[in-house]
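Asks: What follows is a single structure, and I will ask about it in a moment.
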Amino acid sequence: MRWGVLGASAAISRRVMPAIAAGGPTTLAAVAGRPQSAARTTEVAAAYGARAHHDYGALLADPAIEAVYIALPNSEHVGWTLRALDAGKHVLVEKPMALSEADAVRVQEAADAARRTVMEAFMYRFHPQQRRAADLLASGEIGDLRVVRASFAFLMGAAPGDIRLAPGLGGGATWDVGCYAVDAAMLHFGRAPRAVRAVLSRRPGADVDTSGTVLLDFGEGRSAVLDHSMDYGPRSWMELQGTHGSITIRNAWAGADEDGTLTVLGYAGTREESVPAADHYRLQVLALTDAARAGTPAPIPLSDSLRTVRVLEAVFASAADDGAAVPVAEEGTG
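Numbering (mature numbering (1 follows the signal peptide of the UniProt record, and there is no 0)), first residue to last: -21 to -1, 1 to 313.
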């Protein structure tokens, strides 16, 4: 499958482009950047033997491109996903796919109408350590899941022009890293919470949230306790607490070159399992490619993306109401 990438940032060129250009069933055929970044786009494209487009629309008009990776600011994800679908492309779009449930529904409807595959790029789901944790949970070794605890945080300086600090571009710690913990909690519980409580804060001078603590109530004594931040760290940790034990993922959002370590604690004792590193960026690209070729649902369905953004909207609503409980509508009820 011939891929194009919208966005030529350093992070994307270092992590995602190699995953597409690795050969086999995928080829990185084109890279698009802004007109004012023409030199950078040309340099990045040349490094992968790809064509350079100095306008995102020009890449979408390229008939050779079958699928696109959208790596633009959060506020641009929906618009360019819709344009890509209109151009007949499959889409792998950076998280968050959308900043509102209404926009996520627009994407889902457009994907259905275009008969193209769209998937949100929660690459952590494809790391073998996450899959091993899910298998252990499903085995019943720690009993019934009762609590998910997760933390994803890093210390980010006040970098001028950083899009993660720009409110108009969908910036803020919740959209940047908090979404991972929220998505992971629902992934392991297999459903949305009944209600959300959240407290968000801003560092002095910031116009977006830079730290947050979130409580998700799944009912029947089940909950998730999450924190995320751009004010402290590093922290990348998750614990699945069951009735008979727990599974701890030491580096829950590991990089493509980092091994995983799981600690399983139960009444019979404690053991550690090592999971070899794997390029989860490559694995998600292959997953989207396989689904698009076969016409089968993406491994991360759009129903999951709708669920995640619905809950994240509730996070912001709760924080705006001094941490009051905000109910979450059942899936399909809006």
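All C-beta atoms, glycine included, are put in the ideal place defined by N, C-alpha and C.
Fair warning: this is a prediction, and the values are worked out from it, not measured in the lab.
Please name the residue or residues paired with residue 307 in a DSSP beta bridge.
Replies: As a working mapping, residue 307 is identified with position 328 in the sequence shown. According to DSSP, residue 307 bridges with nothing at all.
Asks: Within 8 Å, do at least three Cβ pairs link the stretch 37 to 44 to the stretch -19 to -5?
Replies: yes
Asks: Do the stretch -10 to -1 and the stretch 20 to 34 touch if we need at least three Cβ pairs shorter than 8 Å?
Replies: yes
Asks: Determine the contact status of residue 245 and residue 224, defining contact as a CB-CB distance below 8 Å.
Replies: Position 266 of the sequence shown, counted from the first residue, corresponds to residue 245. Position 245 of the sequence shown, counted from the first residue, corresponds to residue 224. Annotated as proximal: residue 245 and residue 224, with beta-carbon spacing under 8 Å.
Asks: Roughly how many angstroms lie between the CA atoms of residue 135 and residue 283, to the nearest whole one?
Replies: The residue labelled residue 135 in the question sits at position 156 within the sequence shown. The residue labelled residue 283 in the question sits at position 304 within the sequence shown. Whole-angstrom Cα-Cα distance: 29 Å.
Asks: Taking residue 150 as the reference, which of 260, 142 and 120 has the closest Cα?
Replies: Taking the first residue of the sequence shown as 1, we reach residue 150 at position 171. The shortest C-alpha separation from residue 150 is found at 142.
Asks: Suppose contacts are defined by Cβ-Cβ distances below 8 Å. Is residue 299 in contact with residue 205 by that definition?
Replies: Against the sequence shown, residue 299 aligns to sequence position 320. Against the sequence shown, residue 205 aligns to sequence position 226. No, they are not a contact pair.
Asks: Less than 8 Å separating the beta-carbons of residue 267 and residue 121?
Replies: For the purposes of this step, residue 267 is identified with residue 288 of the sequence shown, where counting begins at 1. For the purposes of this step, residue 121 is identified with residue 142 of the sequence shown, where counting begins at 1. Not closer than 8 Å, so no.
Asks: Looking at the secondary structure, which residues open and close the beta strand (DSSP E) in which residue 264 lies?
Replies: Reading the sequence shown from its first residue, position 285 is the one you call residue 264. No beta strand (DSSP E) contains residue 264, which is instead part of the alpha helix (DSSP H) from 259 to 273.
Asks: Does the distance from the CB of residue 156 to the CB of residue 193 come in under 8 Å?
Replies: As a working note, residue 156 is residue 177 in the sequence shown. As a working note, residue 193 is residue 214 in the sequence shown. Judged by beta-carbon spacing, residue 193 lies beyond the 8 Å limit of residue 156, meaning their Cβ atoms are not closer than that value.
Asks: According to DSSP, simplified to helix, strand and coil, what is residue 63?
Replies: For the purposes of this step, residue 63 is identified with residue 84 of the sequence shown, where counting begins at 1. Note: residue 63 maps to helix in three-state DSSP.
Asks: Quick check: the stretch 2 to 19 against the stretch 276 to 290, are at least 3 beta-carbon pairs closer than 8 Å?
Replies: no
Asks: Tell me the residue span of the beta strand (DSSP E) that contains residue 206.
Replies: Sequence index remark: in the sequence shown, residue 206 carries index 227 (1-based). Counting along the chain, the unbroken beta strand (DSSP E) around residue 206 starts and ends at 201 to 208.
Asks: Could you give the DSSP three-state label for residue 76: helix, strand or coil?
Replies: Looking up residue 76 in the sequence shown gives position 97. Three-state DSSP puts residue 76 in coil, outside helix and strand.
Asks: In terms of residues, what are the limits of the alpha helix (DSSP H) holding residue 295?
Replies: As a position in the sequence shown, residue 295 is number 316, starting the count at 1. Its alpha helix (DSSP H) spans residues 281 to 299.
Asks: For the structure I just gave you, are there three or more beta carbon pairs, one from the stretch 98 to 105 and one from the stretch 72 to 84, closer than 8 Å?
Replies: yes
Asks: May I ask you to list the residues that DSSP assigns as paired with residue 220?
Replies: Here residue 220 refers to the residue found at position 241 of the sequence shown. DSSP, once it has assigned bridges, lists 126 and 225 as partnering residue 220.
Asks: Return the chain-ordered list of same chain residues with a C-beta closer than 6 Å to the C-beta of residue 55, the five sequence neighbours on each side being excluded.
Replies: The count along the sequence shown starts at 1 and reaches residue 55 at position 76. Nothing meets the Cβ criterion.
Asks: Between residue 153 and residue 119, is the Cβ-Cβ spacing less than 8 Å?
Replies: Taking the first residue of the sequence shown as 1, we reach residue 153 at position 174. Taking the first residue of the sequence shown as 1, we reach residue 119 at position 140. No.
Asks: Name, in chain order, the residues that DSSP records as bridge partners for residue 46.
Replies: For the purposes of this step, residue 46 is taken as residue 67 along the sequence shown, with counting starting at 1. Bridge partners of residue 46: -19 and 69.
Asks: State buried or exposed for residue 137, treating a residue as buried only when at least 16 other CB atoms are found within 10 Å of its CB.
Replies: The sequence position of residue 137 within the sequence shown is 158, counting from 1. With fewer than 16 other Cβ atoms within 10 Å, it is exposed.
Asks: Check for me: the alpha helix (DSSP H) holding residue 33 runs from which residue to which?
Replies: Working through the sequence shown from its first residue, we reach residue 33 at position 54. Unbroken run through residue 33: none, as it is neither H nor E.
Asks: Can you pull the DSSP bridge partners for residue 250?
Replies: Here residue 250 corresponds to residue number 271 of the sequence shown, with the count starting at 1. Note: residue 250 sits in a beta bridge opposite 243.
Asks: Name the two residues that bound the continuous beta strand (DSSP E) containing residue 197.
Replies: Counting from one through the sequence shown, the residue named residue 197 turns up at place 218. 190 to 198 is the span of the beta strand (DSSP E), which, as asked, contains residue 197.
Asks: In its own chain, which residues sit with a C-beta less than 7 Å from the C-beta of residue 305, not counting the 5 before and 5 after it?
Replies: Along the sequence shown, one-based indexing puts residue 305 at 326. Closer than 7 Å at Cβ, skipping near neighbours: 174, 175, 293, 296 and 297.
Asks: Rounded to the nearest angstrom, how far is the Cβ of residue 20 from that of residue 11, given a contact under 8 Å?
Replies: Stepping through the sequence shown from its first residue, residue 20 is reached at position 41. Stepping through the sequence shown from its first residue, residue 11 is reached at position 32. Your pair residue 20 and residue 11 checks out as a contact, with CB atoms roughly 7 Å apart and the cut at 8 Å.
Asks: For residue 202 versus residue 126, is the C-beta spacing smaller than 8 Å?
Replies: The residue given as residue 202 occupies position 223 in the sequence shown. The residue given as residue 126 occupies position 147 in the sequence shown. The answer is yes: Cβ separation under 8 Å.
Asks: Throw me the rounded Cβ distance for the residue 315 and residue 132 pair, which I believe falls under 8 Å.
Replies: Because the chain in this structure spans residues -21 to 313, residue 315 falls outside the shown range and cannot be described.
Asks: Tell me where the alpha helix (DSSP H) around residue 20 begins and ends.
Replies: Here residue 20 corresponds to residue number 41 of the sequence shown, with the count starting at 1. Start and end: 17 to 26.
Asks: How many whole angstroms separate the CB atoms of residue 228 and residue 87, which I take to be in contact at a CB cut-off of 8 Å?
Replies: Position 249 of the sequence shown, counted from the start, is the residue given in the question as residue 228. Position 108 of the sequence shown, counted from the start, is the residue given in the question as residue 87. Rounded, the Cβ-Cβ distance is 30 Å, inconsistent with contact.
Asks: In the structure shown, what three-state DSSP assignment does residue 214 receive?
Replies: The residue you call residue 214 lines up with position 235 of the sequence shown. Three-state DSSP puts residue 214 in a strand.
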